[in-house]
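These protein sequences, in sequence, are chains A and B.
When we follow the working numbering, the leftmost residue of the first sequence carries the number 1104, and every step to the right adds one.
When we follow the working numbering, the leftmost residue of the second sequence carries the number 1104, and every step to the right adds one.
By construction, the Cβ of each residue, glycine as well, lies at the ideal position given by its N, Cα and C atoms.
Notes for the one structure printed next.
Number of protein chains: 2
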Amino acid sequence: MGLKGVFLLLICLFLLCIAFAIPTTFSPRVHYPLDSLKQVTSLKPKIHFETRFYPQLLDHFTFTPKSSKIFYQKYLINEEYWRNGAPIFVYTGNEGDIEWFTANTGFLPDIAPKFHALLVFIEHRFYGESMPFGNDSYNSAETLGYLTSQQALADYAVLIRSLKQNLSSEASPVVAFGGSYGGMLAAWFRLKYPHITIGALASSAPILHFDNIVPWSSFYDAVSQDFKDASLNCFKVIKESWTELEQEFSEEGLAELSKTFRTCKNLHSVSSVRDWLWSAFVYTSMVNYPTEANFMRPLPAYPVQEMCKIIDAFAPETSKLDKVFAAASLYYNYSHGEKCFNVENGPDLHGLSGWDWQACTEMVMPMTCSNQSMFPPSEFDYEEFATDCKKKYGVSPRPHWITTEFGGERIEEVLKRFGSNLIFSNGMQDPWSRGGVLRNISTSIIAIVTEKGAHHVDFRSATKDDPDWLVEQRKQEVEIIHQWINEYYADMKQDKKFM
Amino acid sequence: MGLKGVFLLLICLFLLCIAFAIPTTFSPRVHYPLDSLKQVTSLKPKIHFETRFYPQLLDHFTFTPKSSKIFYQKYLINEEYWRNGAPIFVYTGNEGDIEWFTANTGFLPDIAPKFHALLVFIEHRFYGESMPFGNDSYNSAETLGYLTSQQALADYAVLIRSLKQNLSSEASPVVAFGGSYGGMLAAWFRLKYPHITIGALASSAPILHFDNIVPWSSFYDAVSQDFKDASLNCFKVIKESWTELEQEFSEEGLAELSKTFRTCKNLHSVSSVRDWLWSAFVYTSMVNYPTEANFMRPLPAYPVQEMCKIIDAFAPETSKLDKVFAAASLYYNYSHGEKCFNVENGPDLHGLSGWDWQACTEMVMPMTCSNQSMFPPSEFDYEEFATDCKKKYGVSPRPHWITTEFGGERIEEVLKRFGSNLIFSNGMQDPWSRGGVLRNISTSIIAIVTEKGAHHVDFRSATKDDPDWLVEQRKQEVEIIHQWINEYYADMKQDKKFM
């Protein structure tokens, strides 16, 4: 081989490095938003909610002249089952339009009549219509700086207190509910504001996904486990498809790839295809529900199993890219409406700058891909991550802040001696479950774990097709909440006696 | 009576109204700082503390570009009794130089050897040398806005975590201690950061002195009760002295008053004398310690009783102003060093703008004087108070924020089902005790109440003259803290076994 040969080899190595350099830092950059996919579904809540706006304080924790600026925080309210003095069920809104969370939390309208409960879904600041600076809210760190979880919790506390006063129902017990990041907020709300809420049901809340509490590879290991459990062949095909994909970086390869993936426009890089596939697998694993559902997208029951059936149905010699494309199509095109795919638009992450901001500031959840996963191995380079955030927003992440403010390390030791009335529910199909509380901590801090459950499946409306374990899970949750409420009323009665 | 007579009567009525108008709004304006009198004593701590500074974040709860500004927070540390892994005792500093609180909390050096404890006294932001904006810290709400209790608690959490890491002693249990406002912080710290501190001893912490939780007149009623208990005549003399005082508003009267009160300069109004007396009675009641002490000023044992002895020793016909002056002199001049009194300099409240700011923003503790008290009756006019604050600082108080953030209403109901490892100690001589937790809430949220105790008397160094009840109180506190620590180590051992 002459000099020219060496040079070509070097070029090839360089390009290969680039190709693989992206995946090695890809996953930490994506920061899978827990629930905030651009909401492609237009599901309506089962009951009617009235929309209201509360004049909320911009900054609860300082008294600078700017901090007392008022913005209008949206909340949805339903009083049809309510009796004065009866419980108030509050959903602590997460990273998106509150309508979407309302529509996807049929559990609350389902159980409200039994409790004569008032239902309130509060939108998280900086999402939906709850924009502290209107259209300028996302302009820069000067405005976005007020988008933090502690401010959101204080919003909830202030709003609930005012609402109870306006309803002349100060004695009503409040129970907090939240799923995903909303579940983290519900749990933290109970821990920080026990005088405002008597208990919380935190569904699929990965409150331990910070610092070094759970292994950084746990999320992708869990996604991989779902696919492996469905079919070892399926897992292997996906795992090996990435190498096949990276080989298509040439102009010809990309043209071929554009055909295979039925892209609406010609592809310019393999990375967009990788992201597109990656998202399909991750989100399908999250929503691996036991019934047909339309959470992020319409999908059949147990969609991971369905994806694997698609992969396994191919002849072994078929190209792995054909197989994974067919599998991903289940996620992107279950309703068969798509003629082509906008692969280079990214994995539906537009409009998500709120979560991206949160991930770049306090919600630092390091993620890596281990050799055991079905994804290309990747590390988490904190320095690079912090530099990127600084470049993007002008502020630096505070990677240890969440565990300083809310705890998490040695959670069992801490909470077995402190706190009460918390349910952490997790479905093990959901990769976020690995950052959740999976064991009972005390007699009143309870973990409900379902092997076949996925991302806050308990919060979905009951359907006739629900498996027994899901019916049982919801029943158990309702029973525990009943206990909290009964205990609260008994305490109140007792106290009145002594007054 | 002719027209001239009516006119004179009206003038008199008008002047009387003015004279009494001031007291009716006087008390709410003073906002007695809990512990932050200009520290006239120069007591040294019994053991040597090293002074350190921690690079602290300006704003923990937002991510604006300004929020990540660093300031240097002072803390004092003593390692002489410490063994790695042993407990860390943290004093959550209040509104003043940390040296002063360290010097006045001999209880911690007293008990540290038994526990092999590390001692850390952390200065509260915006006090002492912990000035986020240096000499400009008190310029305006732009800078002072960051002086809030929640920021202070977050400071403590961040500093303690970093300290433990630097000491490689992450497993050391941390116990929080605080007196007065520092006690409020210690209690809230346990409630908000149970993952950072295993328990807290909050001495004389009036966490219920907000909103309508305790009657607004309770503080001055308690001061009055101290004097009434010492001597009914004493109480009556003081109660009646105010009317006598108000009659001296004329030029001649003021000249006479200047003589009676041995003022260094001629008086211009009676209100300064009233403030001067008022402070003497209030502070003496707070520090009605069972032994000679030098907390705010040098005073004999049971100074309220001593004051009343002075009043009672006068012939009944002596002017009440002579009597109350003599009584107040005990407070201002126990060491007999003063030749004259700077009465118009106000009640030693200079240099206290930090607490004044806090009282004008979140620490809104309404106070009134009832007819039963020994002070002139007064109401709390919130509108006037808020207008004054707005005028002074450009920001409005948030009178319901403390109870929203930290609770307090129905505290027994809330905390009997939530939380643990808290001691609330209160001495009933101390008027702040009426805003404290005075009954056990659960088996591990304990109230220690001493009839003869005064403002965080348990935190003072043990002396040979301490009465039995005080020796017993401290012993009980040490025993409970021992239990917390033993339980913590037992939990740790147990957890290791299961790992």
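Q) Mind checking whether A:Gly1196 and A:Glu1226 have CB atoms under 8 Å apart? A) Working through the first sequence from its first residue, we reach residue 1196 of chain A at position 93. Working through the first sequence from its first residue, we reach residue 1226 of chain A at position 123. Going by C-beta atoms, A:Gly1196 is nearer than 8 Å to A:Glu1226.
Q. Are there 16 or more other CB atoms within 10 angstroms of the CB of A:Cys1443, so buried, or fewer, so exposed?
A. For the purposes of this step, residue 1443 of chain A is taken as the residue at position 340 of the first sequence. A:Cys1443 comes out exposed.
Q: Can you say whether B:Leu1304 is buried or exposed, counting buried as having 16 or more other CB atoms within 10 angstroms of its CB?
A: Here the question's residue 1304 of chain B lines up with position 201 in the second sequence. By the 10 Å Cβ count, B:Leu1304 comes out buried.
**Q.** Boundaries of the beta strand (DSSP E) in which B:Gly1282 is found, first to last residue
**A.** Translated into positions along the second sequence, residue 1282 of chain B becomes position 179. Its beta strand (DSSP E) spans residues Val1277 to Gly1282.
Q) So which of A:Thr1154, A:Pro1276, A:Pro1318 and A:Phe1483 has the shortest CA-CA distance to A:Pro1534? A) Locating residue 1534 of chain A in the first sequence gives position 431, counting from the first residue. Checking every option, the nearest Cα to that of A:Pro1534 belongs to A:Pro1318.
Q. Interface residues of chain A around B:Pro1297 at Cβ under 9 Å?
A. Position 194 of the second sequence, counted from the first residue, corresponds to residue 1297 of chain B. Within chain A, the residues near B:Pro1297 are Leu1294, Gly1510, Val1517, Leu1518, Arg1520, Phe1521 and Gly1522.
Q. According to a CB-to-CB cut-off of less than 7 Å, which residues of the segment 1152-1173 of chain A neighbour chain B?
A. Asp1162, Phe1164, Thr1165, Phe1166, Thr1167, Pro1168, Ser1170 and Ser1171
(Q) Counting only beta-carbon separations shorter than 8 Å, does A:Val1552 have a partner in chain B? (A) Residue mapping note: residue 1552 of chain A aligns to position 449 of the first sequence, counting from 1. Chain B, which has no Cβ nearer than 8 Å to the Cβ of A:Val1552, makes this no.
**Q.** Cβ shell of B:Ser1476 (< 6 Å), same chain only, five flanking positions each side left out
**A.** Residue numbering aside, residue 1476 of chain B sits at position 373 when the second sequence is read from its first letter. Closer than 6 Å at the Cβ level, and outside the excluded window around B:Ser1476, lie Tyr1323, Asp1324 and Ser1327.
(Q) Since A:Met1234 and A:Phe1174 should fall inside the 8 Å C-beta cutoff, what is the C-beta to C-beta distance between them, to a whole number of angstroms? (A) In the first sequence, residue 1234 of chain A corresponds to position 131, counting from 1. In the first sequence, residue 1174 of chain A corresponds to position 71, counting from 1. Right, the Cβ-Cβ distance comes to about 7 Å (below 8 Å), so this counts as a contact.
Q | Cutoff 8 Å; reference B:Ser1438; Cβ partners in own chain excluding five residues on either side | A | One-based indexing of the second sequence puts residue 1438 of chain B at position 335. Same-chain partners within the cutoff: Pro1401.
(Q) Under 8 Å, Cβ to Cβ, is there at least one residue of chain A near B:Tyr1241? (A) By 1-based counting over the second sequence, the position of residue 1241 of chain B is 138. Not one chain A Cβ lies under 8 Å of B:Tyr1241.
(Q) Check whether the segment 1184-1199 of chain B and the segment 1177-1197 of chain A touch, using three or more Cβ-Cβ pairs below 8 Å as the test. (A) no
Q) Are the beta-carbon atoms of B:Leu1433 and B:Pro1406 separated by less than 8 Å? A) Along the second sequence, one-based indexing puts residue 1433 of chain B at 330. Along the second sequence, one-based indexing puts residue 1406 of chain B at 303. Yes, they are a contact pair.
Q: Check each residue of the segment 1244-1255 of chain B: if its Cβ is closer than 8 Å to any Cβ of chain A, include it; give the result in chain order.
A: Ala1244, Glu1245, Leu1247, Gly1248, Tyr1249, Leu1250, Thr1251, Gln1253 and Gln1254
Q.
Please tell me whether B:Gly1237 has its Cβ less than 8 Å away from any Cβ of chain A.
A. Locating residue 1237 of chain B in the second sequence gives position 134, where the first residue counts as 1. No, because no Cβ of chain A sits closer than 8 Å to the Cβ of B:Gly1237.
Q: Could you name the residues of the same chain whose beta carbon sits closer than 7 Å to that of B:Cys1472, not counting the 5 residues immediately before and after it, in chain order?
A: Taking the first residue of the second sequence as position 1, residue 1472 of chain B is located at position 369. Correct list, in chain order: Ser1130, Ser1320, Tyr1323, Phe1478, Pro1479, Pro1480 and Ser1481.
Q. Between the Cα of A:Phe1562 and the Cα atoms of A:Glu1512, A:Ser1283, A:Phe1330 and A:Trp1291, which residue gives the shortest distance?
A. Walking along the first sequence from the start, residue 1562 of chain A turns up at place 459. Of the candidates A:Glu1512, A:Ser1283, A:Phe1330 and A:Trp1291, the one whose C-alpha sits nearest the C-alpha of A:Phe1562 is A:Ser1283.
(Q) Below 7 Å on C-beta distance, what does A:Ala1489 contact in chain B? (A) In the first sequence, the residue the question calls residue 1489 of chain A occupies position 386. Within 7 Å Cβ-Cβ: nothing; A:Ala1489 doesn't reach chain B, min ~12 Å.
Q. Taking the C-alpha atoms as reference points, what is the distance between A:Cys1367 and A:Lys1555?
A. In the first sequence, the residue the question calls residue 1367 of chain A occupies position 264. In the first sequence, the residue the question calls residue 1555 of chain A occupies position 452. Each residue's Cα considered, the two are about 36 Å apart.
Q) How is B:Cys1463 classed by DSSP in three states: helix, strand or coil? A) If you number the second sequence from 1, residue 1463 of chain B lands on position 360. If DSSP states are grouped into helix, strand and coil, B:Cys1463 belongs with the helices.
**Q.** Closer than 7 Å at the beta carbon, the chain A residues around B:Val1498
**A.** Position 395 of the second sequence, counting from 1, holds the residue named residue 1498 of chain B. Ordered by position in chain A, the residues that pass the 7 Å Cβ test against B:Val1498 are Phe1166, Pro1168 and Ser1171.
Q: Tell me whether A:Val1517 is buried or exposed, calling it buried when 16 or more other Cβ atoms sit within 10 Å of its Cβ.
A: Against the first sequence, residue 1517 of chain A aligns to sequence position 414. Looking at its Cβ environment, which holds 16 or more other Cβ atoms inside 10 Å, A:Val1517 is buried.
(Q) Output needed for A:Ala1244: all residues of its chain with C-beta closer than 7 Å, excluding positions within five of it in sequence on either side, in chain order. (A) Along the first sequence, read from residue 1 onward, the residue named residue 1244 of chain A stands at position 141. Tyr1496, Gly1497 and Val1498.
Q. According to the Cβ coordinates, are B:Asn1614 and B:Asp1415 closer than 8 Å?
A. Residue coverage of chain B in this structure runs from 1104 to 1602, which leaves residue 1614 of chain B outside it and unanswerable.
Q) So is A:Val1261 in contact with chain B if we call contact Cβ pairs under 8 Å? A) Within the first sequence, numbered from 1, the residue matching residue 1261 of chain A stands at position 158. Chain B contact via Cβ: present.
Q. Where B:Gln1176 and B:Phe1224 are concerned, what is the direct C-alpha to C-alpha distance, given to the nearest angstrom?
A. Position 73 of the second sequence holds residue 1176 of chain B. Position 121 of the second sequence holds residue 1224 of chain B. Cα-Cα distance, rounded: 11 Å.
Q: Can you check the segment 1510-1547 of chain A for any alpha helix (DSSP H) of at least 4 residues that lies completely inside it and give the ranges in chain order?
A: 1514-1518
Q) With B:Gly1188 and B:Ile1584 assumed to form a contact (beta carbons below 8 Å), what rounded beta-carbon distance in angstroms separates them? A) One-based indexing of the second sequence puts residue 1188 of chain B at position 85. One-based indexing of the second sequence puts residue 1584 of chain B at position 481. Their Cβ separation, rounded to whole angstroms, is 17 Å, which puts B:Gly1188 and B:Ile1584 out of contact at 8 Å.
Q. Who are the neighbours of B:Asp1594 on chain A, taking C-beta pairs under 8 Å?
A. What you label residue 1594 of chain B is simply residue 491 of the second sequence in a count that begins at 1. Result: Glu1516, Lys1519 and Arg1520.
Q. Any Cβ of chain B within less than 8 Å of the Cβ of A:Arg1264?
A. As a position in the first sequence, residue 1264 of chain A is number 161, starting the count at 1. Closer than 8 Å: yes.
(Q) With three or more beta-carbon pairs closer than 8 Å as the criterion, would you say the segment 1578-1593 of chain B touches the segment 1407-1426 of chain B? (A) no
Q.
So A:Thr1464 contacts chain B; which residues on that side make the cut at Cβ distance below 7 Å?
A. Here the question's residue 1464 of chain A lines up with position 361 in the first sequence. Residues of chain B passing the Cβ test: Phe1166.
(Q) Just to make sure I have the definition right: I need the residues of chain B whose C-beta is within less than 7 Å of the C-beta of A:Thr1507. Which are they? (A) Position 404 of the first sequence, counted from the first residue, corresponds to residue 1507 of chain A. Ordered by position in chain B, the residues that pass the 7 Å Cβ test against A:Thr1507 are Ala1260, Val1261 and Arg1264.
Q | Length-filtered (3 minimum) beta strand (DSSP E) runs lying within the segment 1212-1240 of chain B | A | 1221-1225
**Q.** B:Pro1274 burial status per 10 Å Cβ neighbour count (16 or more: buried)
**A.** Along the second sequence, one-based indexing puts residue 1274 of chain B at 171. It is Ala, not Pro, that sits at residue 1274 of chain B in the sequence shown. B:Ala1274 is exposed by the Cβ-count criterion.
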